[in-house]
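Engineer: Listed in order, the protein sequences are those of chains B and H.
With the first letter of the first sequence counted as 1, position 53 gets the number 53 in UniProt numbering; the numbers rise by one all the way through.
With the first letter of the second sequence counted as 1, position 25 gets the number 25 in UniProt numbering; the numbers rise by one all the way through.
2 protein chains.
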Amino acid sequence: MSENNQLRDVFDAIADPTRRQLIRLLAGAEEIPLHELTAKFQMGRTAVSKHLTILKEAGLVTDRKVGRETRFRLNASPLREVQDWVVFYSNFWSTNLSRLNRLLEEEEE
Amino acid sequence: MSENNQLRDVFDAIADPTRRQLIRLLAGAEEIPLHELTAKFQMGRTAVSKHLTILKEAGLVTDRKVGRETRFRLNASPLREVQDWVVFYSNFWSTNLSRLNRLLEEEEE
DNA sequence: TTGACAGGACACCGTTTGGTGTCTTATCAT
DNA sequence: ATGATAAGACACCAAACGGTGTCCTGTCAA
């Protein structure tokens, strides 16, 4: 259905707190260029760029060049796999959520 | 509220496919001893034990000694953090799920 | 009581990870 | 035309990861 050309495991991609922060930042705007993202972190541009590459490999981010800057955009849909995975186990931490889980499963179909 | 003594990031703990497989196995039974878990994998006992240690550090697993064997048990509740995290982004991959998300948020309180 | 089994504790190893710095190229503004 | 900015492409590095094998101890069964 959607893009399954991800070379990188989504669970692996979201394991790093810096990358989750990047996702959070990208969720707050249409597009953000690398230098602007870099400004939000203590680390250098190269490191941030590497994290974005990993997110790209997982299909969580797309990029396009505009002038001299590279702008990044969030594509959250691969996170659905995480959602599907975790919802299964929500039965195990609370029983009164099981009604909601059934709702979710219905909606998935 | 619940145990927050986790030395290890939950997202990090579930990043490895072997560890997700361990969680899956432990979800299917009350308790499973190490040697029995090891039998399900190709790798050796030491490796499986290390993975279980990581899961333990994330609070996802508890263990108890019974005779000469160490039995492991799933504690899924730290996965709630993952659920909370991913639910936020479900707005970004589908708009007709937002009703369900509101349901989830209500239930969380 | 002897042997087999379960598993903790190490030491070890190759690869990956997460960062750095530097060099170069392309682009924009003056 | 010149200088500053954006970022790709590397080389490099220490530390963590994901495995291995070995040794030792405790426990169960014959």
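Note that the Cβ used here is the ideal one computed from N, Cα and C, for glycine as well.
(1) With C-beta atoms as the reference, is V61(B) less than 9 Å away from I23(B)?
(2) For the UniProt domain "HTH arsR-type" (1 to 94) of chain H, which segments carrying the beta strand (DSSP E) assignment without a break, of at least 3 residues, lie completely within its bounds, in sequence order?
(3) Just the C-alpha distance for E69(H) and R80(H), rounded to the nearest angstrom, thanks.
(4) What residues in its chain sit with their C-beta under 8 Å from that of V82(B), if we drop five residues either side in the sequence?
(5) Sorted by chain position, which residues of the same chain lie with C-beta nearer than 7 Å to P78(B)'s C-beta, five sequence neighbours on each side aside?
(6) Taking 9 Å as the threshold (C-beta atoms), are L34(H) and R19(H) in contact?
(7) Could you tell me the alpha carbon to alpha carbon distance between R8(B) and L26(B), rounded to whole angstroms?
(8) Name the residue from W93(B), K65(B), P17(B) and F92(B) whose alpha carbon lies nearest to the alpha carbon of E31(B).
(9) If we cut at 9 Å on Cβ distances, does D12(B) have a partner in chain H?
(10) Using the Cβ count rule (16 or more neighbours within 10 Å means buried), how would you classify A76(H)?
(11) Restricting to Cα atoms, I'd like to know which of N91(H), R71(H), Q21(H) and V87(H) is closest to K40(H).
(12) State yes or no: is the beta carbon of D63(H) nearer than 9 Å to at least one beta carbon in chain B?
(13) Measure the alpha-carbon distance for K56(H) versus R71(H) and round it to whole angstroms.
(14) Could you name the residues of the same chain whose beta carbon sits closer than 8 Å to that of Q52(H), not counting the 5 residues immediately before and after it, in chain order?
(15) I'd like to know if A15(H) contacts chain B, where contact means its C-beta is closer than 9 Å to some C-beta of that chain.
(16) Just to make sure I have the definition right: I need the residues of chain B whose C-beta is within less than 9 Å of the C-beta of R80(H). Which are they?
(17) Buried or exposed: which applies to V87(B), given that a residue is buried once 16 or more other Cβ atoms fall within 10 Å of its Cβ?
(18) Kindly indicate if chain H contains any beta-carbon less than 9 Å away from that of I23(B).
Structural biologist: In short:
(1) yes
(2) With a minimum length of 3 residues, the continuous beta strand (DSSP E) runs that stay inside the UniProt domain "HTH arsR-type" (1 to 94) of chain H are 61 to 66 and 69 to 74.
(3) 30 Å
(4) V10, F11 and I14
(5) Q6, V10, A58, G59 and L60
(6) no
(7) 19 Å
(8) Comparing Cα-Cα distances from E31(B) to each of W93(B), K65(B), P17(B) and F92(B), the minimum goes to K65(B).
(9) True, the Cβ-Cβ gap to chain H drops below 9 Å.
(10) Under a 10 Å Cβ-count criterion, A76(H) is classified as buried, with 16 or more other Cβ atoms of the shown protein chains found around its own Cβ.
(11) Q21(H)
(12) no
(13) 12 Å
(14) The question names Gln, but residue 52(H) in the sequence shown is Leu. For L52(H), where only same-chain residues beyond five positions count, the Cβ hits under 8 Å are L22, L34, L37, V61, D63 and F72.
(15) yes
(16) V86, S90, W93 and S94
(17) By the 10 Å Cβ count, V87(B) comes out buried.
(18) yes
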